[in-house]
Amino acid sequence: MQIQVGSKNPTKIQAVKEMFPNIDVNGVQAESGVSEQPFSDEETRLGAITRAKHCAIKNPYTIGIGLEGGVMYMDNDLYLCNWGALVTPENDIITASGARIKIPKDIEEGLLKNVELGTLMDTYAERKDVSKKEGAIGIFTNQLITRQEMFRHVVTLLKGQWMLLNNYNK
Ligand SMILES: O=P(O)(O)OP(=O)(O)OP(=O)(O)OC[C@H]1O[C@@H](n2cnc3c(O)ncnc32)[C@H](O)[C@@H]1O
Ligand SMILES: [Mg+2]
Numbered sequence: 360m361q362i363q364v365g366s367k368n369p370t371k372i373q374a375v376k377e378m379f380p381n382i383d384v385n386g387v388q389a390e391s392g393v394s395e396q397p398f399s400d401e402e403t404r405l406g407a408i409t410r411a412k413h414c415a416i417k418n419p420y421t422i423g424i425g426l427e428g429g430v431m432y433m434d435n436d437l438y439l440c441n442w443g444a445l446v447t448p449e450n451d452i453i454t455a456s457g458a459r460i461k462i463p464k465d466i467e468e469g470l471l472k473n474v475e476l477g478t479l480m481d482t483y484a485e486r487k488d489v490s491k492k493e494g495a496i497g498i499f500t501n502q503l504i505t506r507q508e509m510f511r512h513v514v515t516l517l518k519g520q521w522m523l524l525n526n527y528n529k
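Here it is in structure tokens:
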């Protein structure tokens, strides 16, 4: 058994490695099939599923995991949203969503001008590659949680459902 994560982003790969310490995990480039900056729960979730399917289908006996960040509106407020998907070798599709946090209006204005959140966050935080480090969630929580920890929570929700599906520890 091996796990392929549909991304080369270390925050995503490390989150999966932490939750599956005894399984071979590697990250591969995978198309999300959605826009570079997903703008709804549905689009973000689809991006995660497409990435996971891309990984599982390409290799037999492989679990595919897709993790996708996006933004979504709740009334007039824009939130960061995160979705994960796990696709089994038998083609079961397991999904779960992650933390959300409200995005400042100036970042929202940049997103509405089709600038990706990753780019906007580097400018906002005056740092490089925020999306590969603490992430927007880290910046907007005063570093109380990192993007990797947030994705680890999502992978926990995926792994628990996968264990139930496989009658682990029953
Ligand atoms: O290499 P991949 O897996 O694509 O990783 P990514 O950092 O591009 O992340 P996503 O595609 O999942 O996210 C879609 C866009 O939203 C940005 N994004 C999402 N969540 C973010 C976060 O917490 N911090 C910074 N950028 C984020 C990201 O940079 C992309 O531009
Ligand atoms: Mg991306």
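Going by the numbering used here, the sequence shown opens with residue 360, and the numbers climb by one from there.
The beta carbon of each residue, even a glycine, is placed where N, CA and C say it ideally should be.
All values reported here derive from a predicted model rather than from experimental measurement.
The segment 372–389 and the segment 400–408 do not touch, with fewer than three beta-carbon pairs separated by less than 8 Å.
In this structure, the alpha-carbon of VAL474 lies about 14 Å from that of SER490.
Rounded to the nearest angstrom, the Cβ distance from LEU476 to ALA495 is 6 Å, consistent with a contact under 8 Å.
Inter-residue distance for ASN450 and ALA415 is about 8 Å (C-alpha atoms, whole angstroms). Distance from the Cα of TRP521 is smallest, within the candidate group PRO369, LYS371, ILE372 and PHE379, for PHE379.
Judged by beta-carbon spacing, LEU523 lies beyond the 7 Å limit of GLY443, meaning their Cβ atoms are not closer than that value. Bridge partners of VAL387 according to DSSP: none are assigned. Under DSSP, no beta-bridge partner is assigned to GLU377. Distances from the CB of SER366 to the heavy atoms of ligand 1 include at least one below 6 Å.
The shortest CA-to-CA distance from ARG506 to any of VAL446, GLN373, ILE362 and GLY365 is the one to GLN373. Each of LEU439, PHE398, GLN388 and PRO419 was checked against the Cα of LYS472, and the nearest Cα belongs to PHE398.
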